[in-house]
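Chemist: So for the sequence shown, my numbering puts the first residue at 538; every next one is plus one. Where a beta carbon is used, it is the ideal one built from N, C-alpha and C, also for glycine. A quick note: this is a predicted structure, and the numbers were derived from the prediction, not measured.
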Amino acid sequence: MDQRLLPEAVKRYLRAGYALVGRHSAVEVCRWTRSALKGGYMCYKRWYGVRSHRCIQMTPVLNFCNFACTFCWRPHLEGRFEIPSDWTWDNPSEIIEGSVYAQRRLLAGFKGNSQTPKELFLEAMFPRHVAISLDGEPALYPRLSELISEVKARGMTAFLVTNGSVPYRLEELLRKGVEPTNLYVSVYAPNPDVFAKTANPLTPKAWDLVMESLDLLPEFSSRTILRFTMVKGLNMTDPEGYAKLVERSQPKFVELKGYTWVGESQKRLPITAMPTLAEIEDFARRISEVTGYNLKLSDAKSRVVMLVRDEDTWLWNLKLVEEQRLLEASLDSEWKAKLRDFRLKNHGKPPIPVLI
Ligand code: SF4
Numbered sequence: 538m539d540q541r542l543l544p545e546a547v548k549r550y551l552r553a554g555y556a557l558v559g560r561h562s563a564v565e566v567c568r569w570t571r572s573a574l575k576g577g578y579m580c581y582k583r584w585y586g587v588r589s590h591r592c593i594q595m596t597p598v599l600n601f602c603n604f605a606c607t608f609c610w611r612p613h614l615e616g617r618f619e620i621p622s623d624w625t626w627d628n629p630s631e632i633i634e635g636s637v638y639a640q641r642r643l644l645a646g647f648k649g650n651s652q653t654p655k656e657l658f659l660e661a662m663f664p665r666h667v668a669i670s671l672d673g674e675p676a677l678y679p680r681l682s683e684l685i686s687e688v689k690a691r692g693m694t695a696f697l698v699t700n701g702s703v704p705y706r707l708e709e710l711l712r713k714g715v716e717p718t719n720l721y722v723s724v725y726a727p728n729p730d731v732f733a734k735t736a737n738p739l740t741p742k743a744w745d746l747v748m749e750s751l752d753l754l755p756e757f758s759s760r761t762i763l764r765f766t767m768v769k770g771l772n773m774t775d776p777e778g779y780a781k782l783v784e785r786s787q788p789k790f791v792e793l794k795g796y797t798w799v800g801e802s803q804k805r806l807p808i809t810a811m812p813t814l815a816e817i818e819d820f821a822r823r824i825s826e827v828t829g830y831n832l833k834l835s836d837a838k839s840r841v842v843m844l845v846r847d848e849d850t851w852l853w854n855l856k857l858v859e860e861q862r863l864l865e866a867s868l869d870s871e872w873k874a875k876l877r878d879f880r881l882k883n884h885g886k887p888p889i890p891v892l893i
């Protein structure tokens with residue numbers, strides 16, 4: 538038996554706009570992808586070269602999470618953590634193929650949207666970024682290293698967001714030499730007591746496991762980011778404690794992201810738990826004073842503040858962005874050439890974007 542998603546859960550995900558891929562993966566169009574497709578604002582990850590209209594937000598572990606974070610917009614489901622012993626995992630290439638296909642289906646409606654330039658729509662049909670962050674804990678997926686390889690083999694960037702509770706999966710990535718383009722470790726508190734209240738871990742020794750993951754970060758050559766989700770009245774305390782985590786793991790970047798009062802979290806937290814950008818910047822400044830990291834950028838729309846280890850790291854980041862652009866241009870030239878040929882052969886009739 539491997540049908541774990543109960544009918545009501547499936548309905549809830551479909552109502553939320555998810556497209557289900559295989560037995561345990563899903564795609565949902567990010568709000569910034571929609572915004573970018575209408576010529577609007579792109580997400581703050583543009584700092585790392587993401588062009589939001591070409592980004593797939595997906596998960597290979599729908600409904601599998603080993604934390605029950607107080608600030609999470611998702612419902613905390615009973616038994617959400619137990620992975621059935623006879624569970625069958627889909628293979629990585631099918632998940633990525635299925636995710637690209639699902640993204641195209643979900644975005645098809647923008648083709649006729651007068652606010653969407655045709656060029657942007659066509660580019661969106663050829664995604665260049667995969668954010669492995671939609672739902673659940675991705676490191677629970679046993680073939681994560683292959684999944685990341687599949688993404689990168691298609692010339693796409695792979696952003697992995699983990700809560701750090703599965704350090705052996707990160708060790709496996711290092712051992713196999715498969716690094717995500719961006720490795721995010723979300724750390725929900727400056728110390729074990731606040732962590733227990735904030736993350737409500739469903740797995741034993743979770744704090745120790747997260748610390749093990751932090752100790753692995755210096756070994757990664759790709760972009761490593763510690764992400765702190767700031768919730769006033771809960772974990773927005775003890776900046777020195779957060780600074781110690783930064784000094785311990787030496788990430789290339791630190792992001793402080795303001796909690797947003799949405800979804801199921803509204804039943805657990807007051808709206809006043811949302812910090813302002815100014816409050817987040819103040820908190821970031823105190824971490825910067827202790828660690829020596831530079832307060833580099835802020836994004837008001839997402840209420841995010843970035844600290845960077847030093848100026849060399851920032852210049853290195855810009856070089857990576859440039860390299861990604863060059864790769865995208867060469868990959869895009871392929872489908873653009875096919876498009877031109879198709880139009881020439883078909884006297885301008887619009888093609889069906891099946892080229893990948
Ligand atoms: S990187 Fe994240 S926020 Fe940006 S478009 Fe992709 S899923 Fe959305």
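(1) Where in the region 629-705 do unbroken runs of the beta strand (DSSP E), each at least 3 residues long, occur, reported from the N-terminal end onward?
(2) Determine the DSSP secondary structure at G586, reduced to helix, strand or coil.
(3) Under three-state DSSP, which class holds I593?
(4) V715 and I685 - do their beta-carbons sit closer together than 7 Å?
(5) Is the Cβ-Cβ distance between R665 and E859 less than 7 Å?
(6) Indicate the three-state DSSP secondary structure (helix, strand or coil) for S917 in the structure shown.
(7) Within the present structure, is the beta-carbon of V587 separated from the nearest heavy atom of ligand 2 by less than 6 Å?
(8) Flag this pair as yes or no: are the beta carbons of R785 and T607 separated by less than 7 Å?
(9) Would V747 and Y678 be called neighbours here (beta carbons separated by less than 7 Å)?
(10) Does ligand 1 have even one heavy atom less than 6 Å from the beta-carbon of C592?
(11) Report the partner residues of R795 according to the DSSP bridge assignment.
(12) List the DSSP bridge partners of S723.
(13) Could you pull the DSSP bridge partners for V731 from this structure?
(14) For ligand 1, any of its heavy atoms closer than 6 Å to the Cβ of T570?
(15) Does DSSP classify K833 as helix, strand or coil?
(16) Any idea if E792 is buried or exposed, counting beta-carbon neighbours within 10 angstroms, 16 or more meaning buried?
(17) Would you say P738 and F604 are within 7 Å of each other, going by their C-beta atoms?
(18) Looking only at its chain, what residues have a beta carbon closer than 7 Å to the beta carbon of D878, apart from the 5 residues adjacent to it on each side?
(19) Go through its chain and collect everything with a Cβ distance to S682's Cβ below 7 Å, but skip five positions before and after it.
(20) Are the beta-carbon atoms of Y796 and P727 separated by less than 7 Å?
(21) Could you tell me the boundaries of the beta strand (DSSP E) in which L557 lies?
(22) Report yes or no: do the region 635-652 and the region 840-853 share at least 3 C-beta pairs separated by less than 8 Å?
(23) Is DSSP giving Q540 helix, strand or coil here?
(24) Reducing DSSP to helix, strand and coil, say where V564 ends up.
(25) In terms of residue numbering, what span does the alpha helix (DSSP H) encompassing W872 cover?
(26) By Cβ distance below 6 Å, which residues in the same chain neighbour T694 in space, the five residues on each side in sequence not counted?
(27) In three-state terms, what does DSSP make of P814?
(28) In chain order, what residues of the same chain lie with their CB nearer than 8 Å to the CB of P675, ignoring the 5 residues before and after it?
(29) Measuring straight from C-alpha to C-alpha, what distance separates K873 and L659?
(30) According to DSSP, which residues form a beta bridge with V715?
(31) Could you have a look at L746 and say whether DSSP puts it in helix, strand or coil?
(32) Quick check: what's the CA-CA separation for R862 versus V783?
(33) For the candidate residues N600, V637, W610, E634, whose alpha-carbon lies nearest to that of H620?
(34) Does the distance between the C-beta of A639 and the nearest non-hydrogen atom of ligand 1 fall short of 6 Å?
Modeler: Quick look at the numbers:
(1) If only uninterrupted beta strand (DSSP E) runs of at least 3 residues are considered, those enclosed by the region 629-705 are 666-669, 694-699.
(2) On the sequence shown, position 49 is the one that residue 586 refers to. In this structure, G586 counts as coil in the three-state DSSP scheme.
(3) As a first step, residue 593 must be located in the sequence shown, where it is residue number 56. The answer is strand: DSSP assigns I593 an E or B state.
(4) For the purposes of this step, residue 685 is taken as the residue at position 148 of the sequence shown. For the purposes of this step, residue 715 is taken as the residue at position 178 of the sequence shown. Judged by beta-carbon spacing, V715 lies within the 7 Å limit of I685, meaning their Cβ atoms are closer than that value.
(5) Here residue 665 is taken as the residue at index 128 of the sequence shown, counted from 1. Here residue 859 is taken as the residue at index 322 of the sequence shown, counted from 1. Remark: C-beta atoms of R665 and E859 do not approach each other more closely than 7 Å.
(6) An answer regarding residue 917 cannot be provided, because it is not within the stretch 538 to 893 covered by the chain.
(7) Of the ligands one can find in the structure shown, namely ligand 1, none is ligand 2.
(8) Your numbering for residue 785 matches position 248 in the sequence shown. Your numbering for residue 607 matches position 70 in the sequence shown. Taking a C-beta distance under 7 Å as the contact criterion, R785 and T607 do not qualify as a contact pair.
(9) Translated into positions along the sequence shown, residue 747 becomes position 210. Translated into positions along the sequence shown, residue 678 becomes position 141. One thing to note: V747 has its Cβ no nearer than 7 Å to the Cβ of Y678.
(10) Here residue 592 refers to the residue found at position 55 when the sequence shown is read from its first residue. A distance criterion of 6 Å places the beta-carbon of C592 in contact range of ligand 1, judged by its closest non-hydrogen atom.
(11) Numbered from 1 along the sequence shown, position 258 holds the residue referred to as residue 795. In the sequence as presented, Arg is not what sits at residue 795; that position holds Gly. In the DSSP output, where bridge partners are listed per residue, G795 has M767.
(12) Position 186 of the sequence shown holds residue 723. Residue pairing of S723 in beta bridges, as defined by DSSP: R764.
(13) The residue given as residue 731 occupies position 194 in the sequence shown. Note: V731 sits in no beta bridge, so no partner.
(14) The sequence position of residue 570 within the sequence shown is 33, counting from 1. Yes, the beta carbon of T570 sits closer than 6 Å to at least one heavy atom of ligand 1.
(15) Residue numbering aside, residue 833 sits at position 296 when the sequence shown is read from its first letter. Reduced to three states, the DSSP call for K833 is strand.
(16) Working through the sequence shown from its first residue, we reach residue 792 at position 255. Residue burial annotation: E792 is buried, with at least 16 other C-beta atoms found within 10 angstroms of its C-beta.
(17) Against the sequence shown, residue 738 aligns to sequence position 201. Against the sequence shown, residue 604 aligns to sequence position 67. The Cβ atoms of P738 and F604 lie closer than 7 Å to each other.
(18) Looking up residue 878 in the sequence shown gives position 341. Answer for D878: no residue qualifies.
(19) Counting from 1 along the sequence shown, the entry for residue 682 is found at position 145. Cβ contact annotation for S682 (same chain, cutoff 7 Å, sequence separation greater than five): E709, L710, K713, V715, in chain order.
(20) For the purposes of this step, residue 796 is taken as residue 259 along the sequence shown, with counting starting at 1. For the purposes of this step, residue 727 is taken as residue 190 along the sequence shown, with counting starting at 1. Contact check for Y796 against P727 fails: the beta carbons are separated by 7 Å or more.
(21) In the sequence shown, residue 557 corresponds to position 20, counting from 1. Membership of L557 in the beta strand (DSSP E) is indicated by the continuous run 556-558.
(22) Taking 8 Å as the limit for Cβ pairs, the verdict is that the region 840-853 does not touch the region 635-652.
(23) Locating residue 540 in the sequence shown gives position 3, where the first residue counts as 1. Residue confidence is low: Q540 scores 48 on pLDDT, short of 50, so the model does not pin down where it sits. Its coordinate-derived value is still stated next. Residue state, collapsed to three classes: coil.
(24) To locate residue 564, count along the sequence shown from 1; it is residue 27. In the three-state reduction of the DSSP assignment, V564 falls in the strand class, which pools E and B.
(25) For the purposes of this step, residue 872 is taken as the residue at position 335 of the sequence shown. Counting along the chain, the alpha helix (DSSP H) containing W872 begins and ends at 848-882.
(26) The sequence position of residue 694 within the sequence shown is 157, counting from 1. Cβ neighbours of T694 beyond the five flanking positions: H666, T718.
(27) What you label residue 814 is simply residue 277 of the sequence shown in a count that begins at 1. Residue identity check: residue 814 is Leu in the sequence provided, not Pro. DSSP places L814 in helix when its eight states are reduced to three.
(28) Within the sequence shown, residue 675 is the residue found at index 138, counting from 1. Within its own chain, the residues whose Cβ lies closer than 8 Å to the Cβ of P675, once the five positions on either side in sequence are excluded, are T596, P597, V598, I669, L681, L697, V698, T699, listed in chain order.
(29) Taking the first residue of the sequence shown as 1, we reach residue 873 at position 336. Taking the first residue of the sequence shown as 1, we reach residue 659 at position 122. One alpha carbon belongs to K873, the other to L659, and they sit about 9 Å apart.
(30) Taking the first residue of the sequence shown as 1, we reach residue 715 at position 178. According to DSSP, residue pairing for V715 in a beta bridge does not occur.
(31) Within the sequence shown, residue 746 is the residue found at index 209, counting from 1. Residue state for L746 is assigned as helix, using DSSP reduced to three classes.
(32) Stepping through the sequence shown from its first residue, residue 862 is reached at position 325. Stepping through the sequence shown from its first residue, residue 783 is reached at position 246. Linking R862 to V783 through their CA atoms gives a straight-line distance of about 30 Å.
(33) Locating residue 620 in the sequence shown gives position 83, counting from the first residue. In the sequence as displayed, the identity of residue 620 is Ile instead of His. In terms of Cα proximity to I620, the closest of N600, V637, W610, E634 is N600.
(34) The residue given as residue 639 occupies position 102 in the sequence shown. With a cut-off of 6 Å, the C-beta of A639 is classified as distant from ligand 1, since no heavy atom of the ligand falls inside that distance.
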